[in-house]
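Written below as C-alpha cells is the structure these notes are about.
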Amino acid sequence: MPSATSTKEIELIVEHSGRGGGGVSLPPAGGDGGGNGAGGKKPGKGQPSSKRYFTGIAVGIVSILMFFMALASAFLVRKGTSGDWVPVHIPALLWINTAVLLISSGTLELARKHLAKADGAGFKMYWMLTTELGVGFLIGQVVAWRQLAHQGIYLASNPASSFFYIFTGAHALHLIGGIAALGYVARQNFSEANVTRSVAAEVTSYYWHFLDALWLFLLALLYLGK
Amino acid sequence: MFSYDDGANTHPSAETGFLSRVLFSTHHKTIGLQYLWLTLGSVLVGMVLSALLRIQASWPDTAIPFLAGIENAPERYAAMRLLHGSLMVFFVLTAAPQLGFGSFLLPLQIGAREMAFPALNRLSFWMTFASLGGMTSAFFLQPDMGVDVWLVSASVFCLAGLFSALNFTTTTIELRAPGMTLPRMPVTVWAWFINAILSMLIFSVLLAGCCAVLSDRLLGSDLFSATAFLAHQPRNLVRQGSLPILWQRLFWYFAQAEVYVAMLPCFGFATHLVATFSRKPVWKERLVVLALCGVGVVGFCVWGYHMFATGMNPYAPLVFAVLASSLGVPAAFLLASWLATLWNARLRLTTSMLFAIGFISLFVAGGLSGLFLARHDTARASVSEDFVIGHFHLVMGVAATFAILGALFFWFPKMFGGRLNETLGKVHFWMTFAGVYAIFMPMHWLGLLTQSHLFMEEQRAALASAGASIQTFVTVATIWTVSAQGLFVFNFFSTLLGQKKVEQDNPWAATTLEWSVGSPAPEDNFGGSAPVVYRGAYEFPAEDGKDFAPQHLSPEQLTQERH
Numbered sequence: 022m023p024s025a026t027s028t029k030e031i032e033l034i035v036e037h038s039g040r041g042g043g044g045v046s047l048p049p050a051g052g053d054g055g056g057n058g059a060g061g062k063k064p065g066k067g068q069p070s071s072k073r074y075f076t077g078i079a080v081g082i083v084s085i086l087m088f089f090m091a092l093a094s095a096f097l098v099r100k101g102t103s104g105d106w107v108p109v110h111i112p113a114l115l116w117i118n119t120a121v122l123l124i125s126s127g128t129l130e131l132a133r134k135h136l137a138k139a140d141g142a143g144f145k146m147y148w149m150l151t152t153e154l155g156v157g158f159l160i161g162q163v164v165a166w167r168q169l170a171h172q173g174i175y176l177a178s179n180p181a182s183s184f185f186y187i188f189t190g191a192h193a194l195h196l197i198g199g200i201a202a203l204g205y206v207a208r209q210n211f212s213e214a215n216v217t218r219s220v221a222a223e224v225t226s227y228y229w230h231f232l233d234a235l236w237l238f239l240l241a242l243l244y245l246g247k
Numbered sequence: 063m064f065s066y067d068d069g070a071n072t073h074p075s076a077e078t079g080f081l082s083r084v085l086f087s088t089h090h091k092t093i094g095l096q097y098l099w100l101t102l103g104s105v106l107v108g109m110v111l112s113a114l115l116r117i118q119a120s121w122p123d124t125a126i127p128f129l130a131g132i133e134n135a136p137e138r139y140a141a142m143r144l145l146h147g148s149l150m151v152f153f154v155l156t157a158a159p160q161l162g163f164g165s166f167l168l169p170l171q172i173g174a175r176e177m178a179f180p181a182l183n184r185l186s187f188w189m190t191f192a193s194l195g196g197m198t199s200a201f202f203l204q205p206d207m208g209v210d211v212w213l214v215s216a217s218v219f220c221l222a223g224l225f226s227a228l229n230f231t232t233t234t235i236e237l238r239a240p241g242m243t244l245p246r247m248p249v250t251v252w253a254w255f256i257n258a259i260l261s262m263l264i265f266s267v268l269l270a271g272c273c274a275v276l277s278d279r280l281l282g283s284d285l286f287s288a289t290a291f292l293a294h295q296p297r298n299l300v301r302q303g304s305l306p307i308l309w310q311r312l313f314w315y316f317a318q319a320e321v322y323v324a325m326l327p328c329f330g331f332a333t334h335l336v337a338t339f340s341r342k343p344v345w346k347e348r349l350v351v352l353a354l355c356g357v358g359v360v361g362f363c364v365w366g367y368h369m370f371a372t373g374m375n376p377y378a379p380l381v382f383a384v385l386a387s388s389l390g391v392p393a394a395f396l397l398a399s400w401l402a403t404l405w406n407a408r409l410r411l412t413t414s415m416l417f418a419i420g421f422i423s424l425f426v427a428g429g430l431s432g433l434f435l436a437r438h439d440t441a442r443a444s445v446s447e448d449f450v451i452g453h454f455h456l457v458m459g460v461a462a463t464f465a466i467l468g469a470l471f472f473w474f475p476k477m478f479g480g481r482l483n484e485t486l487g488k489v490h491f492w493m494t495f496a497g498v499y500a501i502f503m504p505m506h507w508l509g510l511l512t513q514s515h516l517f518m519e520e521q522r523a524a525l526a527s528a529g530a531s532i533q534t535f536v537t538v539a540t541i542w543t544v545s546a547q548g549l550f551v552f553n554f555f556s557t558l559l560g561q562k563k564v565e566q567d568n569p570w571a572a573t574t575l576e577w578s579v580g581s582p583a584p585e586d587n588f589g590g591s592a593p594v595v596y597r598g599a600y601e602f603p604a605e606d607g608k609d610f611a612p613q614h615l616s617p618e619q620l621t622q623e624r625h
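In order, the protein sequence lines correspond to chains V and R. Residue 227 in this note's numbering is what sits at position 206 of the first sequence, and the numbering runs on without skipping anything. Residue 75 in this note's numbering is what sits at position 13 of the second sequence, and the numbering runs on without skipping anything.
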C-alpha cells in the first residue's frame, strides 16, 4: 500500500527527470538524467535513452545462446545413442581461424579506445582491421570445409559430420550478421541518429565478443566431444 | 529506466498513403490491431475445421470439403488436424494474448510512447503473417512437400516470436514512465514480461529443432534421420522406433512451455479483470507475480512429461512427475488469489467479467484432469487420444479463448471507441460456456472408457460401441458451440460499423494508465510528455474511501477532483 513515503519517492523521480510536480508543466528540453552524449537538438524533444540497445543486445544474446544449447544437447544425445558415429578430425586450419577471431576481438577493443579519445583515424584503422579479420575467419572456415569435403566428409556423411557443418555454419551465419553490424557502425552517419557512434560501437562489440566466446565453446564441444 | 521519446516516432497521419499507414506503419497500436485481425481470421477458420473434423469422426460417410476430394486419404485428415492445431496454437493462442493485446497495450500501460524497437515490431508482424500464409498453403500441398513448407513457416514464426520477445522485454525494462516502479506495474504487464522471457528461451529451441529437421530433409544430413542409425541398431530397438525421440524431446521442450506462453498473459488478463470488476485490490499481488514467475520457471522444466507415452530413462519420469505436479503450487496460488479477490466483493458482472470467471472455471476443470496426466502411472491408464484432447482443449484452448474474449470486451472501447453489446455478449457467453463443457467433459470419459490401455481387448470392443453415442453427442455440441460464435461475430461487426462513441473515457472505472487518455486511444498515446505514476495498479477502494484511485493522479489532483 503506497503511503506518504512512496509519494516522496515519486517526487524524487519526478525531480530527477526534470519535470514539474505532477507532470503539469512541460520543460522545453527533456534530458532524462542519464546524460549519455548528444544533448537535445530539437527543442521539445526528449532524447531517447540508448540503454535500450544494451538491454536489447543482452536479451538477444541469451536467445542465441539458447539456440546453440539446443543443438549442443541434440549433439550429445545423438552421439550417446547411436552406433553410426564416425568422429570428425578437426582440420588444423581451425586453430589458425580461432586465433584470427581472438585477435579481432582485441583490435575491436583498440578501435573503441581510439574512439573514446576522439581519434577518428585510429578508430577507422582498427575497426577496418577487425572487419578484415572477421572476413578472414569466414574465408578460413570455408577453406576448412573444402578440406573436409576433399577427404570425402560431407554434411550427409554421418551424424558427426552433420553436426560439424551445422555448428560451424550456424556460427558463420551469426558472424556475417556481426560483420554487417561492423560495416554499419563504420559507414553510418550518426549525426541524425538516436545513438552516438560510441554507443553503436559498444553494442556491436558485445555481440562480437559473444560470438568469439561462442566459437570457443563450439570448438571445445567439437574437439572434446568427437 | 525512464525514457519517453515524444515525437521520435510519429504515427503517420491520415493523409499519408495506405502503404505507409497500414503496411509499413511501425506504430504499436496499429500493429497490435493487425495481430488481432489476423487472430480473428485464424480462429474462425480453425473453428470451422474443428467442426469438420468432428463430423468426419462421427459420420465418416459425409462428403467434407478438402477431405472427400482427395479420395478421403488419411493424410488429408492428418493435414487438416495439423492446420487446425497450427492456426489455433500459433496464430490464436500465441498471437492474440501476447502479440496482439501486448503490442497494443504494453506501451499504454507502462506510460510509454512506443515499443523499444518499432521497426522490429513491424518486421515480426510481417514474418508472422508470412508464416500464417506458409502453414495454410502447406495444407494444400502434397504431404511430403507440405511438411517442408510447414517447417519453414514454423521457423519463420519462431524468429518473429524471438524478435517480439526481445522487443517486449526491452520495452518493459527501459521505457516505463516515471514512478512506474516494478511493484506498481499492472499484473498484465508482469505477465507479458515474464512470458517474453520464457518465449525468448523456448522459441530458440524450437528454431534449432526446425532447422535441424529441415537440414535432414533437404540437405540429407544425419542429425535426426533414422536411416543410417537403424542399420546399426539391434532389432528390438528398431521396432520401438527410438530415434525420433530426439526430435520429440526438442519439440516438446518447446511445446510444453508453449502451453504456458499461451496461458501466462491469460492469467494476467484474468487477474486484472477480476480485480477491476470486484472493485478490490488483487489479493496478495506480489505473490501473484511470484506465482507467475513460478509458472514460467516450472513450465520451462517439465518438457519430459510428454515423453511418458514414448518411453524414456526409467528414473526420469519420477523427476518430471514431481516437476509437473509442482506446477500445481503456483497454479493453486493463482486460483486462491482470484477466489479471495472475488470473495465478499460487490461484483460487476459485465460480459468481460463473466468471461474472466469462465476462464477460472475452465482452468480448474482442465487443470484437474492434468493431475492424472502428470503422474506417470496414472498417465499410462489415461493417455489416450480423447482424454488428452479433452484435457488440453479445456485448459489451454478454451480457457485461453475465454480470457482473450474477456480482454476484448474490456479493451474494445480503448481500441475502437464503441462498446460491445452487453446483452448479446452475455447470451454468447452462456451458450459458449455450456457448449464447451458439453464437448470436452464427455471427451474425458470417452478417453477413459474406450481407449484405456488397462482393459482387455474384448472389454474394449464392448465399450467402444457404448462410446459411439458419446461421440455423436460431442459432435452435436461442437456444431452448437461453433454456431454460437456467429453471435459474437455479429456483435463485433455491428458495433464496429455502428461505431457509437463511448460515453466516458474510462467506462469501467479502471485504474491503469491506458484509461487516463481518450477512448479510442489517441495516436500519440500520452501527448507530449510521459504520465507520472503515483501508486499501484489496483487501488480499489482508494485510501480516502472513494471507489478507486487511478495511477496517474497525484494526491493533490485526486482531492481536487473529488471536491
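Glycine included, every Cβ here is placed at the ideal spot set by N, Cα and C. Just so it is clear, the structure is predicted and the values come from calculations on it, not from any experiment.
Residue-level contact to chain V via CB, residue i, 8 Å cutoff
{"i": "Glu236 (chain R)", "result": "yes"}
{"i": "Phe550 (chain R)", "result": "no"}
{"i": "Leu620 (chain R)", "result": "no"}
{"i": "Ser556 (chain R)", "result": "no"}
{"i": "Val351 (chain R)", "result": "no"}
{"i": "Ser399 (chain R)", "result": "no"}
{"i": "Thr231 (chain R)", "result": "yes"}
{"i": "Phe370 (chain R)", "result": "With a pLDDT of only 48 at Phe370 (chain R), under the threshold of 50, the placement of this residue in the model should not be trusted; the figure read from the coordinates follows. It does not: the Cβ of Phe370 (chain R) has no partner Cβ on chain V nearer than 8 Å."}
{"i": "Gln613 (chain R)", "result": "no"}
{"i": "Leu470 (chain R)", "result": "no"}
Sequence-distant residues of its chain with Cβ nearer than 6 Å to residue i (five each side left out)
{"i": "Val351 (chain R)", "result": "Trp252"}
{"i": "Thr232 (chain R)", "result": "Ala178"}
{"i": "Val357 (chain R)", "result": "Tyr322 and Pro392"}
9 Å Cβ cut-off: residues of chain R touching residue i
{"i": "Ile187 (chain V)", "result": "Cys273, Ala274, Ser277, Ser283 and Leu285"}
Neighbour flag for residue i against chain R, beta carbons, 8 Å
{"i": "Phe238 (chain V)", "result": "no"}
{"i": "Gly77 (chain V)", "result": "yes"}
{"i": "Ala177 (chain V)", "result": "yes"}
{"i": "Phe88 (chain V)", "result": "yes"}
{"i": "Phe211 (chain V)", "result": "no"}
{"i": "Arg99 (chain V)", "result": "yes"}
{"i": "Phe231 (chain V)", "result": "no"}
Same chain only: Cβ atoms within 7 Å of residue i, ignoring 5 sequence neighbours per side
{"i": "Met505 (chain R)", "result": "Asp448, Ile451, Gly452 and Val536"}
{"i": "Lys342 (chain R)", "result": "Thr403, Ala407 and Phe602"}
{"i": "Phe550 (chain R)", "result": "His490"}
{"i": "Gly56 (chain V)", "result": "Because Gly56 (chain V) carries a pLDDT of 33, less than 50, the predicted location of this residue cannot be relied on, and the following value inherits that uncertainty. Excluding residues within five positions, none has a Cβ falling inside 7 Å."}
{"i": "His334 (chain R)", "result": "Pro248, Val249 and Thr250"}
Contact list for residue i against chain R, beta-carbon separation under 7 Å
{"i": "Gly81 (chain V)", "result": "Leu228"}
{"i": "Pro180 (chain V)", "result": "Asp284 and Leu285"}
8 Å Cβ shell around residue i - same chain, five flanking residues per side excluded
{"i": "Leu224 (chain R)", "result": "Ser261, Met262, Phe265, Ser266 and Leu269"}
{"i": "Tyr106 (chain R)", "result": "Sequence check: residue 106 (chain R) is Leu here, not Tyr. Counting only Cβ-Cβ distances below 8 Å, and skipping sequence neighbours, we find Gln547 and Val551."}
{"i": "Pro617 (chain R)", "result": "Tyr596"}
{"i": "Ala181 (chain V)", "result": "Lys100, Trp106, Val107, Pro108, Val109 and Lys247"}
{"i": "Phe339 (chain R)", "result": "Leu409, Arg410, Leu411, Thr412, Ser414, Met415, Ala418 and Trp570"}
Under 8 Å by beta carbon: chain V residues contacting residue i
{"i": "Phe179 (chain R)", "result": "Arg73 and Gly77"}
Under 7 Å by beta carbon: chain V residues contacting residue i
{"i": "Val214 (chain R)", "result": "Ordered by position in chain V, no residue passes the 7 Å Cβ test against Val214 (chain R), which lies about 16 Å from the chain."}
{"i": "Leu269 (chain R)", "result": "Phe88"}
Bounding residues of the alpha helix (DSSP H) (the contiguous stretch that carries residue i)
{"i": "Gly127 (chain V)", "result": "Leu114 to Ala137"}
{"i": "Asn229 (chain R)", "result": "Pro205 to Glu236"}
{"i": "Met142 (chain R)", "result": "Pro136 to Ser148"}
{"i": "Lys476 (chain R)", "result": "Ala461 to Phe478"}
{"i": "Gln622 (chain R)", "result": "Pro617 to Glu623"}
{"i": "Ser277 (chain R)", "result": "Val249 to Leu281"}
Chain-ordered chain V contacts of residue i [CB-CB under 9 Å]
{"i": "Ser266 (chain R)", "result": "Val83, Ser84, Ile85, Leu86, Met87, Phe88, Phe89, Met90 and Ala91"}
Heavy atom of the ligand NAD within 7 Å of residue i beta-carbon
{"i": "Gly204 (chain V)", "result": "In terms of ligand content, the structure shown is empty, and the ligand NAD therefore cannot be addressed."}
(message) Using 8 Å as the cut-off, can you tell me whether the region 444-460 of chain R makes contact with the region 412-431 of chain R, which would need three or more C-beta pairs spanning the two stretches below that distance?
(response) yes
(message) Using a Cβ distance threshold of 8 Å, determine whether the region 108-122 of chain R contacts the region 175-186 of chain R, with at least three qualifying pairs required.
(response) no
(request) Say whether the region 175-182 of chain V touches the region 209-228 of chain V, bearing in mind that this needs 3 or more beta-carbon pairs closer than 8 Å, one atom from each stretch. (result) no
(message) For the region 236-253 of chain R against the region 187-196 of chain R, do three or more pairs of beta-carbon atoms, one drawn from each stretch, fall closer than 8 Å, so that the two count as touching?
(response) no
(request) Examine the Cβ distances between the region 579-591 of chain R and the region 465-484 of chain R and report whether three or more of them are shorter than 8 Å. (result) yes
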